[in-house]
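Q: First the structure, which I've put down as structure tokens, then a few questions once you've had a look.
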Amino acid sequence: MSYDPYAPREAEEPRHDYSPIRTRPTARELLSRLFAPLVAFGLLLLKFGAFAIKFFGIFISVAGYALIWGWKFAVGFVLLILVHEAGHYVEAKRQGLNPSLPVFLPFLGAYVAMKNAPFDPWRNLLVSAAGPVAGGLGALAVWIAGETTDSRFLVALAYSGFMLNLLNLIPVRPFDGGFMWRSVRALGAGNREHVPWSSPLRVVLGGTIYGGLVLALVFGMVATHLPQDRL
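What follows is the structure, given as structure tokens:
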């Protein structure tokens, strides 16, 4: 193809070697952009209060545990904590109490608060024991699922669940075991304090519930323990 210098050519678009003029934001605009999300978050907390804290607490807990064990294990571990706290919540409702929804504290577990509940040793013992019972059953379900599917991950998660609930039975407050033994001691001292709900039978039952839970959870830990070469 030949080149004809006299042939008409299309007009080229003019080039502009400059960038559009942009006004620099003022200090007030910068502060507004920086603090607007924080103000919105603060208004959210003021509006929804404790509900927002409880709702986001579980996600913060998952994120915190995920930094250590990975997100899959973190989700399973937090769900086992939730099952434990649900046991307290359901039993407290059954006893006619007014419990709060579970509140998650990252790396510290969770708790269910009782609102304006008078101290009743037998009722307190049952509510305290309900958490480890529910948590142990939750870990048992995970163990069965792990054995059925040959999943060492689920078996290891079940081991963590059994251990978590066993540690909660340490007989020192604020652990569940501490509250249980406080109730057992109060039941034993009931006759001296003229408290009608005390009886030797309930003292024996309280000790049996505690001991049975400890043995069951220890058995679960032994059964689900995986040597290092199997992990």
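In this text, residue positions in the sequence shown follow the numbering used here: the first is 30, and each later residue adds one.
A virtual CB, placed ideally from N, CA and C, is assigned to each residue, including glycine.
Just so we're clear, the structure is a prediction, and the values are computed from it rather than from any experiment.
Suppose you measure from the CA of Asp179 to the CA of Asn194; what does that come to, to the nearest Å?
A: As a first step, residue 179 must be located in the sequence shown, where it is residue number 150. As a first step, residue 194 must be located in the sequence shown, where it is residue number 165. In a straight line, the C-alpha of Asp179 is about 24 Å away from that of Asn194.
Q: Please work out which residues of its chain come closer than 6 Å, Cβ to Cβ, to Leu246, disregarding the five sequence neighbours upstream and downstream, and give them in chain order.
A: Along the sequence shown, one-based indexing puts residue 246 at 217. Hits under 6 Å: Gly165, Phe191, Asn194, Leu195.
Q: With respect to the alpha helix (DSSP H) encompassing Phe204, which residues constitute its N-terminal and C-terminal limits?
A: As a working note, residue 204 is residue 175 in the sequence shown. Unbroken run through Phe204: none, as it is neither H nor E.
Q: Which same chain residues end up closer than 6 Å to Leu109 when comparing Cβ atoms and leaving out the 5 residues on each side of it in sequence?
A: The residue labelled residue 109 in the question sits at position 80 within the sequence shown. Excluding positions up to five away in sequence, the list reads Gly167, Gly190.
Q: Answer with buried or exposed for Arg123, where buried requires no fewer than 16 other C-beta atoms within 10 angstroms of its C-beta.
A: Here the question's residue 123 lines up with position 94 in the sequence shown. By the neighbour-count rule (16 or more Cβ atoms within 10 Å), Arg123 is not buried but exposed.
Q: Secondary structure at His113, three-state DSSP: helix, strand or coil?
A: Stepping through the sequence shown from its first residue, residue 113 is reached at position 84. Three-state result, His113: helix.
Q: Does DSSP classify Ser180 as helix, strand or coil?
A: Taking the first residue of the sequence shown as 1, we reach residue 180 at position 151. Reduced to three states, the DSSP call for Ser180 is coil.
Q: Spatial neighbours of Leu186 within its chain, please: C-beta separation below 6 Å, excluding the five flanking residues on both sides.
A: For the purposes of this step, residue 186 is taken as residue 157 along the sequence shown, with counting starting at 1. Gly105, Val171, listed in sequence order.
Q: Determine the extent of the alpha helix (DSSP H) in which Leu234 is found, giving its start and end residues.
A: Taking the sequence shown and counting its residues from 1, one reaches residue 234 at position 205. 229–253 is the span of the alpha helix (DSSP H), which, as asked, contains Leu234.
Q: Please classify Ser100 as buried or exposed, where buried requires at least 16 other C-beta atoms within 10 Å of its C-beta.
A: One-based indexing of the sequence shown puts residue 100 at position 71. What sits at residue 100 in the sequence shown is Trp, not Ser. Burial call: exposed.
Q: Assuming Ala242 contacts Pro161 under a Cβ cut-off of 8 Å, what Cβ separation, rounded to an integer in Å, is found between them?
A: For the purposes of this step, residue 242 is taken as the residue at position 213 of the sequence shown. For the purposes of this step, residue 161 is taken as the residue at position 132 of the sequence shown. According to the sequence as given, residue 242 is Leu; it is not Ala. Right, their Cβ atoms sit about 5 Å apart.
Q: Looking only at C-alpha atoms, which of Asp149, Ala158, Phe102 sits nearest to Ala115?
A: Residue numbering aside, residue 115 sits at position 86 when the sequence shown is read from its first letter. Looking at the Cα atoms, Ala158 is the closest of the given residues.
Q: In chain order, what residues of the same chain lie with their CB nearer than 6 Å to the CB of Pro150, ignoring the 5 residues before and after it?
A: As a first step, residue 150 is located in the sequence shown; it is residue number 121 there, counting from the start. Cβ within range, chain order: Ser212, Ala215, Leu216.
Q: Taking 7 Å as the limit between beta carbons, can you name the residues of its chain near Glu120, skipping five residues before and five after?
A: Translated into the one-based positions of the sequence shown, residue 120 becomes position 91. Cβ neighbours of Glu120 beyond the five flanking positions: Leu155, Val156, Ala159.
Q: Would you call the CB atoms of Thr253 and Val184 closer than 7 Å?
A: Indexing the sequence shown from 1 puts residue 253 at position 224. Indexing the sequence shown from 1 puts residue 184 at position 155. Result yes, Cβ atoms of Thr253 and Val184 sit closer than 7 Å.
Q: Which class does Ala170 belong to by DSSP, given the choice of helix, strand or coil?
A: As a first step, residue 170 must be located in the sequence shown, where it is residue number 141. Note: Ala170 maps to helix in three-state DSSP.
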